Structures are given as C-alpha cells and as structure tokens.
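*Asks:* Below are the structure tokens for one structure; questions will follow.
See below:
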C-alpha cells in the first residue's frame with residue numbers, strides 16, 4: 047500500500063491512475079484546450095432543461111401531469127439518440143467529430159429557442175430534439191478524445207475533462223436560478239444555456255483546420271531536418 051495525495055492509503059495502481067488523471071500537462075495541447083472549453087460550455091447548459099422545462103411549461107398553464115411527460119420525452123429521445131448516434135459513429139467512413147459538432151450546435155440553437163415555444167406540442171418537440179442531440183455529448187466524448195489525442199492519453203484527458211465538467215455543472219443551474227430571480231422568467235436561463243451549448247459545438251469546428259495546420263508545420267519541420275542532414 048502507498049499514500050494517495052499524501053494521506054489516503056491506496057494501491058500503487060490506484061495512485062498511478064489518479065496521478066495520470068490529474069496530470070495538467072495536457073493543458074499545453076491547444077486541441078485539448080479547445081475540447082475542454084467546449085465541454086465546459088456544454089456542461090453549463092446541460093442541466094438547465096432537466097431542471098427548468100417543467101417550470102417553464104407551468105408558466106404556460108400546462109398541467110403538472112403533462113409537464114412531467116416532458117422530462118420523460120427527454121429520457122426516451124436521449125436513449126434513442128445514444129444508440130443511433132453511437133451506431134452511426136462506429137462506421138469507419140463517418141466523421142465522428144462532425145456529428146458531435148453538429149449535434150451540439152443544433153442542441154444549443156433549439157435550447158435558445160425555448161422562449162418561442164408557447165404550447166405543449168412545441169415544448170415536446172424541443173425536448174425530443176434536446177434529448178436526441180445531447181446524446182452525442184454523453185455518448186461520443188470519450189470516442190472523440192481517442193480520435194483527437196490517442197488512446198494512451200484517454201485516462202489523463204478524461205480525468206481533466208471531468209474536472210471541467212464538474213465545475214461547469216456546479217455553477218450552471220445556480221446562474222439559471224439567479225436569472226429567474228431577477229427577471230421572474232425562465233427564458234433567460236434557456237437562452238443562456240442554448241448559447242453556451244451552441245458555442246461548445248461551434249468552437250469544435252476549429253479543430254480540423256488546426257490539425258491540418260499542425261500536420262503542415264510538422265511536415266515542414268521534418269523536411270527541413272532532412273535537408274539539414276543531407
């Protein structure tokens with residue numbers, strides 16, 4: 047047995063895994079930083095619909111019984127979304143990053159449009175879209191990490207991502223509640239959540255050109271080294 051964090055007894059394997067998860071050297075990787083910022087933004091808005099969509103429905107004079115079905119519809123759509131998106135993303139000819147980016151962007155735009163939903167059917171349609179598209183965030187994050195950084199960095203990268211997600215999930219809902227206290231409306235909370243989720247999808251579109259730029263720089267460096275040796 048050894049000490050983890052200097053005080054907790056644990057096995058050497060556990061200590062090594064924890065140390066790898068909390069290795070902050072990945073923050074020097076621009077691609078990882080973009081992905082971490084994207085996850086942070088997504089997590090700020092992720093819980094808003096679960097917490098406030100029923101209350102939003104009640105402000106439209108929708109019964110509590112009908113409003114409760116909205117949460118159920120998110121769960122059903124989310125289950126279907128994870129299965130379908132996971133199946134599609136598993137195909138070798140599919141651009142998984144593109145699916146991830148588009149889903150988050152659509153999810154964010156739909157969430158920002160909740161204030162325009164004035165009846166039960168509109169909210170039900172939104173909940174279905176949100177549940178389906180947010181399934182990409184839950185189901186494809188680890189896969190995208192492997193695609194971007196490699197399998198050997200998955201433990202470290204996922205550990206740091208969970209740190210970003212935890213902080214964002216902690217501050218997101220209170221911000222939404224604070225907005226309601228000021229405006230006495232849930233619309234600003236949904237608007238903020240939608241903008242953050244949409245931003246999380248849009249910033250990820252910067253990764254492919256950045257990868258191409260890094261590959262070009264690496265190729266130039268290799269060519270210059272070969273010329274120097276010749």
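In my numbering, the protein residues as written are 47 to 276.
Backbone N, C-alpha and C fix where the C-beta goes; we use that ideal spot for every residue, glycine too.
Every value quoted in this text rests on a predicted model; they were computed, and no experiment measured them.
According to the Cβ coordinates, are residue 207 and residue 191 closer than 9 Å?
*Replies:* yes
*Asks:* When you compare only the Cα positions, how much space is there between residue 247 and residue 274?
*Replies:* 42 Å
*Asks:* Would you tell me roughly how many angstroms separate the C-alpha atoms of residue 221 and residue 267, rounded to the nearest one?
*Replies:* The straight-line gap from Cα to Cα measures roughly 47 Å.
*Asks:* Using the Cβ count rule (16 or more neighbours within 10 Å means buried), how would you classify residue 211?
*Replies:* Around the C-beta of residue 211, 16 or more other C-beta atoms lie within 10 Å, and the residue is accordingly described as buried.
*Asks:* Inspect the beta-carbon positions of residue 245 and residue 154 and report whether they are closer than 9 Å.
*Replies:* Using a Cβ distance threshold of 9 Å, residue 245 and residue 154 count as a contacting pair.
*Asks:* Report back the beta-carbon spacing between residue 80 and residue 184 to the nearest angstrom; my notes put them in contact at under 8 Å.
*Replies:* Actually they do not touch by this definition, with Cβ atoms about 19 Å apart.
*Asks:* Inspect the CB distances between the region 148-168 and the region 257-265 and report whether three or more fall short of 8 Å.
*Replies:* no
*Asks:* Is it the case that the Cβ atoms of residue 99 and residue 110 are separated by a distance below 9 Å?
*Replies:* no
*Asks:* Ordered along the chain, which non-local residues of its own chain (more than five positions away) have a Cβ less than 7 Å from that of residue 215?
*Replies:* Answer for residue 215: 89, 92, 93, listed in chain order.
*Asks:* What's the gap between the Cα of residue 77 and the Cα of residue 104?
*Replies:* 42 Å
*Asks:* Roughly how many angstroms separate the alpha carbons of residue 167 and residue 73, rounded to a whole number?
*Replies:* 44 Å
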